[in-house]
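Asks: Got a structure for you, questions after.
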Amino acid sequence: MRWILLVPFLLLLALFAASNREDVALRLWPLDASLALPLWLAVLGTGALFLVLGAVFGWAAAVPARRRVRELQRAANIMDGELVAMRREKETAAKQDSEALQLAR
0 MRWILLVPFL
10 LLLALFAASN
20 REDVALRLWP
30 LDASLALPLW
40 LAVLGTGALF
50 LVLGAVFGWA
60 AAVPARRRVR
70 ELQRAANIMD
80 GELVAMRREK
90 ETAAKQDSEA
100 LQLAR
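Structure, rendered in structure tokens:
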């Protein structure tokens, strides 16, 4: 299923790069320097840069949620251990009660 979307997208990117090979001059206003790059590299490079930045910021935004999940998982593991211990105590108490009832008869 992934290939159905990926292959046409990659084909479009390749066609875009092949169709836009002209150089463009990139300038930053207060500076006098300019950088000449092929148009496809400027466009796709900018897209790739912001894709990576978006992934990094998205990952960083999820850090508190992942930390909370780890805390809740630890608490759940502790509670599971306590539940197992309480069930053992209950079984032990039930066995002792049944033994006491048998001795009392």
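Under numbering that gives the first Met the number 0, think of the first position of the sequence shown as 0, with each following residue one higher. The beta-carbon is built from N, C-alpha and C at its ideal position, and this holds for glycine as well.
1) The beta strand (DSSP E) with Asp-186 in it runs from where to where?
2) Sorted by chain position, which residues of the same chain lie with C-beta nearer than 7 Å to Phe-15's C-beta, five sequence neighbours on each side aside?
3) What's the C-alpha gap between Glu-88 and Arg-66?
4) Checking the sheet assignment: what are the DSSP bridge partners for Pro-37?
Replies: Taking the geometry as given:
1) It is not possible to answer for residue 186, since the shown part of the chain is limited to 0 through 104.
2) On the sequence shown, position 16 is the one that residue 15 refers to. Cβ within range, chain order: Trp-39.
3) The residue labelled residue 88 in the question sits at position 89 within the sequence shown. The residue labelled residue 66 in the question sits at position 67 within the sequence shown. Whole-angstrom Cα-Cα distance: 33 Å.
4) If you number the sequence shown from 1, residue 37 lands on position 38. For Pro-37, which the question treats as bridged, DSSP gives the partners Asp-22.
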